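Enquirer:
Residue numbers (the working numbering): 17 to 642.
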């Protein structure tokens, strides 16, 4: 048992180990009308205690007392076999018992090859098994029978690793049973969401030994959270490749690494990091964390790489197309054991021809080798720098959401709290990304969040109440009199501040004082673990009109979609309605026409088209394909 890799680890010395410690002799015989016979014959002569245990059909045949050995050796047929007793010359008949079926299960490693009578080389090549997998209740069943028999026969275990599964429960945590009426027909789930979704849920929802609270809805959630994200990313590539008129022949030959942007290199580096993580997790029999690593990468690919690269795809950037194709093909290879049908669909559509990185591509992803890490593609420093950029964007988005500032409304300024390394990363790698994603005109940097906020110190009543009791009003007044900025600095360093109550000094630690952050007037701040982003919320007329222009673009894009236009269709555009909206459209006419592919733009004439509302103002839109 000590040589077996148990998953989870606690089973080794817990459930299974304790079973072994309290083990008793295994009574192999069972009284059944059918089964594997106990191969023991006893003499029927009075007073003779002759017994014979047959080790093979040949041994039976040598002792046979007339008749034939039946082809089916199970009971009741084997009971017809009569042997000669070597002790007294009498007749021997088989005992009535059959062997416990758990013995049959434990004999599987050698019985499947008819070893030791044949296939010796094949048995030795496959024994012991790399791993087995069954529910935890098999500690007293199959797990034990396998180990007991292999130990007795070969003085070793018959499996190197064992993955133990928990039970599948209903949404309320009850065991599924027909009597309760809470059993789910798996075919209903497959018909509703597909076999891949079913597999993905079980592999990634939680560690398999923890059990599952299962419902059809939970499988649907796994579709929405991951499978649709992947499919939409793949569909994005296909849509723009078709719009560009690309064929897979365009992706043959060597990739031009010199054409890669920092964003491309980041996506490829994160891909290699994901391959390494997935490989490590799978080799450790942790399919759950392996699958989650794939899902995390697909999220990065979709909501960061593709999001920031849309214009490049629209402009036909070859490096962007090659990078995303390479990422999707490798993701398909990683997913092959998890979602075989989806992986095959993506692979077959993207793998026609050959790319130097992949070599000659076979017809199926399931004929590919599992991906291996390409160290030359890893760039940890780039990943770290991009992580700083992403955190900045996430904090800025959160600040915008907290302030209820519309995403399409440009703001004047974002102030970023960052150390020197992060500042260099953002300024050198992602300044334009941050400006575009946060929709701000200017970026400023500070080294301390105190430049963005003021503090208010308050006592933690739950922590201080038992200590000071009725004197808490005095404590509250003393804490309120402290310099909040000084308290913040001391608390950040893990120190204590002093207050005086009734002429006595008392020290208060970080857990006893609560610091409330108050953004400076006109700003919204979001902070996390020493990082912070502040957005200046005040709008001037220039920003406001640009925001209206962006809203107009959004409304026109919706009108294009409603009209069934393709993404490449050029249009004639007419706009009418509210004078302020039309003034914003005139001011940003070139931007507006370029974004919506308008070859002609008539501002003041939107009759006969769609209607939209922007900040309560009416916008009339007419679009026609050129």
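Idealized CB from N, CA, C, for every residue including glycine.
All of these numbers come straight from a predicted model, not from anything done at the bench.
Run the proximity test for residue 88: is its beta-carbon closer than 7 Å to any non-hydrogen atom belonging to the ligand HEM?
Expert: Ligands in the displayed structure: none, and consequently the ligand HEM is not present.
Enquirer: Going straight from the alpha carbon of residue 155 to that of residue 225, what length do you get?
Expert: Locating residue 155 in the chain shown gives position 139, counting from the first residue. Locating residue 225 in the chain shown gives position 209, counting from the first residue. Straight-line Cα distance between these residues: approximately 13 Å.
Enquirer: In chain order, which alpha helix (DSSP H) runs of at least 4 residues are fully inside the segment 141-222?
Expert: 158-170, 202-209, 211-220
Enquirer: Closest by CA to residue 211, which one among 426, 354, 525, 554?
Expert: Mapped onto the chain shown, residue 211 falls at position 195. Comparing Cα positions, the closest option is 354.
Enquirer: Do residue 113 and residue 47 count as a contact pair if the criterion is CB distance below 8 Å?
Expert: Residue mapping note: residue 47 aligns to position 31 of the chain shown, counting from 1. Residue mapping note: residue 113 aligns to position 97 of the chain shown, counting from 1. Closer than 8 Å, so yes.
Enquirer: Measuring only the C-alpha atoms, how far is residue 316 from residue 33?
Expert: Here residue 316 refers to the residue found at position 300 when the chain shown is read from its first residue. Here residue 33 refers to the residue found at position 17 when the chain shown is read from its first residue. Approximately 43 Å, taken between the alpha carbons.
Enquirer: Is residue 28 helix, strand or coil by DSSP?
Expert: Sequence index remark: in the chain shown, residue 28 carries index 12 (1-based). It is helical.
Enquirer: Can you tell me the Cα-Cα spacing of residue 18 and residue 115, whole angstroms?
Expert: Counted from its first residue, the chain shown places residue 18 at position 2. Counted from its first residue, the chain shown places residue 115 at position 99. As the crow flies, the alpha-carbon of residue 18 is around 29 Å from that of residue 115.
Enquirer: Compare the beta carbon distance of residue 526 and residue 514 with 8 Å and say whether it is the shorter of the two.
Expert: Position 510 of the chain shown, counted from the start, is the residue given in the question as residue 526. Position 498 of the chain shown, counted from the start, is the residue given in the question as residue 514. No, they are not a contact pair.
Enquirer: Return the Cβ separation of residue 216 and residue 242 in integer angstroms, given the expectation that the two are a contact with Cβ distance under 8 Å.
Expert: Here the question's residue 216 lines up with position 200 in the chain shown. Here the question's residue 242 lines up with position 226 in the chain shown. The distance from the Cβ of residue 216 to that of residue 242 is about 7 Å, consistent with a contact at the 8 Å cut-off.
Enquirer: Kindly confirm or deny that the segment 542-560 and the segment 395-408 touch, where touching means at least three C-beta pairs closer than 8 Å.
Expert: Taking a contact to require three or more Cβ pairs closer than 8 Å, the segment 542-560 and the segment 395-408 qualify as touching.
Enquirer: Any contact between the segment 336-351 and the segment 280-294? By contact I mean 3 or more CB pairs, one from each, below 8 Å.
Expert: yes
Enquirer: On a Cα-Cα basis, can you pick out the residue from 558, 620, 81, 536 that is closest to residue 468?
Expert: By one-based count along the chain shown, residue 468 stands at place 452. Out of 558, 620, 81, 536, 536 has the C-alpha closest to the C-alpha of residue 468.
Enquirer: Is the CB-CB distance between residue 83 and residue 96 below 8 Å?
Expert: Within the chain shown, numbered from 1, the residue matching residue 83 stands at position 67. Within the chain shown, numbered from 1, the residue matching residue 96 stands at position 80. Taking 8 Å as the Cβ cut-off, residue 83 and residue 96 qualify as a contacting pair.
Enquirer: Who are residue 520's beta bridge partners in DSSP?
Expert: By 1-based counting over the chain shown, the position of residue 520 is 504. Paired residue(s): 517.
Enquirer: Between residue 343 and the rest of its own chain, which residues show a CB-CB distance below 8 Å, the 5 nearest in sequence each way excluded?
Expert: Within the chain shown, residue 343 is the residue found at index 327, counting from 1. The residues are 283, 284, 287, 317, 321.
Enquirer: Specify whether the segment 383-401 and the segment 415-429 touch according to this definition: at least 3 beta carbon pairs, one from each stretch, less than 8 Å apart.
Expert: no
Enquirer: Can you name the start and end residues of the alpha helix (DSSP H) that residue 482 belongs to?
Expert: As a position in the chain shown, residue 482 is number 466, starting the count at 1. Bounds of the alpha helix (DSSP H) holding residue 482 are 477-484.
Enquirer: Could you give the DSSP three-state label for residue 499: helix, strand or coil?
Expert: Counting from 1 along the chain shown, the entry for residue 499 is found at position 483. Coil at residue 499, not helix or strand.
Enquirer: Grouping DSSP H, G and I as helix and E and B as strand, with all else coil, what is residue 119?
Expert: On the chain shown, position 103 is the one that residue 119 refers to. It is helical.
Enquirer: For residue 592, does the three-state DSSP call read helix, strand or coil?
Expert: Your numbering for residue 592 matches position 576 in the chain shown. Note: residue 592 maps to strand in three-state DSSP.
Enquirer: Extract the residue ranges of the beta strand (DSSP E) inside the segment 552-634, only unbroken runs of 3 or more that lie entirely within it.
Expert: Correct list: 587-593, 614-619, 626-630.
Enquirer: Could you name the residues of the same chain whose beta carbon sits closer than 6 Å to that of residue 629, not counting the 5 residues immediately before and after it, in chain order?
Expert: Residue numbering aside, residue 629 sits at position 613 when the chain shown is read from its first letter. Counting only Cβ-Cβ distances below 6 Å, and skipping sequence neighbours, we find nothing.
Enquirer: Using 8 Å as the threshold, is the C-beta distance between residue 298 and residue 229 below it?
Expert: Within the chain shown, the letter at position 282 stands for residue 298. Within the chain shown, the letter at position 213 stands for residue 229. No, they are not a contact pair.
Enquirer: Residues in the same chain with beta-carbon distance under 7 Å from residue 142, minus the five sequence neighbours each way, listed in chain order, please.
Expert: Position 126 of the chain shown, counted from the first residue, corresponds to residue 142. Answer for residue 142: no residue qualifies.
Enquirer: DSSP three-state call for residue 430: helix, strand or coil?
Expert: Locating residue 430 in the chain shown gives position 414, counting from the first residue. In this structure, residue 430 counts as strand in the three-state DSSP scheme.
Enquirer: Let me make sure I understand the geometry here. Which of 464, 403, 459 has the alpha-carbon closest to that of residue 433?
Expert: Working through the chain shown from its first residue, we reach residue 433 at position 417. Among 464, 403, 459, the Cα nearest to that of residue 433 belongs to 464.
Enquirer: Skipping 5 residues on each side, what residues in its chain have a beta carbon closer than 8 Å to that of residue 310?
Expert: Numbered from its first residue, the chain shown carries residue 310 at position 294. These residues qualify, in order along the chain: 290, 294, 347, 350, 351, 354.
Enquirer: In terms of alpha-carbon separation, which member of 53, 164, 234 lies closest to residue 208?
Expert: Position 192 of the chain shown, counted from the start, is the residue given in the question as residue 208. Residue 234 is the option with its Cα nearest to residue 208.
Enquirer: Is the beta carbon of residue 324 closer than 8 Å to that of residue 449?
Expert: In the chain shown, counting from the first residue as 1, residue 449 sits at position 433. In the chain shown, counting from the first residue as 1, residue 324 sits at position 308. Yes, the pair counts as a contact, with Cβ atoms nearer than the cut-off.
Enquirer: Using the Cα positions of residue 473 and residue 462, report the straight-line distance between them to the nearest angstrom.
Expert: Numbered from 1 along the chain shown, position 457 holds the residue referred to as residue 473. Numbered from 1 along the chain shown, position 446 holds the residue referred to as residue 462. Each residue's Cα considered, the two are about 23 Å apart.
Enquirer: With distances taken from CA atoms, which of 593, 23, 312, 580 is nearest residue 640?
Expert: Here residue 640 refers to the residue found at position 624 of the chain shown. The shortest C-alpha separation from residue 640 is found at 580.
Enquirer: When the distance is taken between beta carbons, is residue 99 closer than 8 Å to residue 81?
Expert: Stepping through the chain shown from its first residue, residue 81 is reached at position 65. Stepping through the chain shown from its first residue, residue 99 is reached at position 83. The answer is yes: Cβ separation under 8 Å.
Enquirer: Since residue 614 contacts residue 588 with CB under 8 Å, what's their CB separation in whole angstroms?
Expert: Along the chain shown, read from residue 1 onward, the residue named residue 614 stands at position 598. Along the chain shown, read from residue 1 onward, the residue named residue 588 stands at position 572. Sure, about 7 Å apart at Cβ, within 8 Å.
Enquirer: Please report how far the alpha carbon of residue 455 lies from the alpha carbon of residue 426, in whole angstroms.
Expert: Position 439 of the chain shown, counting from 1, holds the residue named residue 455. Position 410 of the chain shown, counting from 1, holds the residue named residue 426. If I take the Cα positions, the gap works out to 5 Å.
Enquirer: Quick one: measure Cβ to Cβ for residue 534 and residue 470, integer angstroms, because I've assumed they're closer than 8 Å.
Expert: Locating residue 534 in the chain shown gives position 518, where the first residue counts as 1. Locating residue 470 in the chain shown gives position 454, where the first residue counts as 1. About 5 Å; that satisfies the 8 Å criterion.
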